[in-house]
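*Asks:* At position 83 of the sequence shown the residue is numbered 143 (this note's numbering), and the sequence of numbers has no breaks.
Even glycine gets a Cβ: it sits at the ideal position worked out from N, Cα and C.
All values reported here derive from a predicted model rather than from experimental measurement.
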Amino acid sequence: MIRTHYVANTLREHRTLFLFSFFFAGLFQVLILTLVVGADLLGFVEQFYNQLPPQVRMMFGEQFMAQFSVNGAVGFGYNHPLVIVLLTIVAIILPARHIAGEVEAGTLELLFAMPVPRRQIVFSLWITSGLALLAIVVGCWLGTACGLLLFPEARTAPWGAILKVGSSLWMLMFAISSYTLLISCHASEGSRATLRAAGLTLVFFFVNVAGFMWPTIDFLQPFTIFDYHQPQRVMLGEPVMAETLLVLGALSAVCAALALRQIARRDVPG
């Protein structure tokens, strides 16, 4: 059961961060489309690409030019490091601040002294994190819509795929938020929970990137959460969303279940 008052108070406490993230994410999507479509980045890159020797072109891959199309630009906007970092900050701050951070501040005892099961509070926090992240993804969708309206030649972008890449981004961030919640339920300091969650996320990210650059360890990529967020492939029509929903959805559910189990057994302070 969700405690609506707790959800509302949590969202109100972080409204400045949420509003900034919402508008930044939306404006960034407009900027990406402006650079690719409005500034004709595709034409410039295509001229440069055509002048390269065939052997060099093979190194870039067959889908290199597709990334500079409208569909590729949309996918890149939902996978840009700035967007990923911004949403990751939100995904980590909420669970770390309101469980381990409450322990550190000495206020978790008061919260759990309320005539409300502690599992309901943690479950409400989990849902709150998902709603906050979804709101920022909606900002991305609105920014994409505005960008497509600015350039008539870009209005052919498939909205079904755009909704999918936003959903993929949300699932990725909800998974990060879920394992941060689990870490926070075991930690006694908000800063320590934040560092552990951020460190785990960085390990996932760098292993995934290293797998692309170093084929010897590419077998590790399926064990990283970032391997299941492939917006460029979704925009090119590849059927990868089922795997994304299955893996990231299962990870989020398992982490939430373990967090609820831990908080029910935990002594306060931890």
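Comparing alpha-carbon positions, which option in 64, 77 and 89 lies nearest residue 380?
*Replies:* Absent from the model: residue 380. The displayed extent of the chain is 61 to 330, so no value can be given.
*Asks:* DSSP three-state call for residue 145: helix, strand or coil?
*Replies:* helix
*Asks:* How would you call residue 189, buried or exposed, if buried means at least 16 neighbouring beta carbons within 10 angstroms?
*Replies:* buried
*Asks:* Residue 87 to residue 325, Cα distance in whole Å?
*Replies:* 44 Å
*Asks:* Quick one, which of 205, 254 and 320 has its alpha-carbon nearest residue 130's?
*Replies:* Closest by alpha carbon: 205.
*Asks:* Assign residue 268 to one of two classes, buried (16 or more other C-beta atoms within 10 Å of its C-beta) or exposed (fewer than that).
*Replies:* buried
*Asks:* Less than 8 Å separating the beta-carbons of residue 257 and residue 243?
*Replies:* Yes.
*Asks:* Can you list the alpha helix (DSSP H) stretches of 4 or more residues lying completely in the region 269 to 293, in chain order?
*Replies:* none
*Asks:* Classify residue 349: buried if its beta carbon has 16 or more other beta carbons within 10 angstroms, exposed otherwise.
*Replies:* In the structure displayed, the chain extends from 61 to 330; residue 349 sits before or after that span and is not available.
*Asks:* For the alpha helix (DSSP H) containing residue 246, name the first residue and the last one.
*Replies:* 219 to 246
*Asks:* Quick check on the burial criterion: 16 or more other C-beta atoms within 10 angstroms. Buried or exposed for residue 247?
*Replies:* Buried, because 16 or more other Cβ atoms sit within 10 Å of the Cβ of residue 247.
*Asks:* With DSSP as the reference, label residue 297 as helix, strand or coil.
*Replies:* DSSP, read as helix, strand or coil, puts residue 297 in coil.
*Asks:* Is DSSP giving residue 131 helix, strand or coil here?
*Replies:* helix
*Asks:* Do you know offhand how far residue 69's Cα is from residue 184's?
*Replies:* 11 Å
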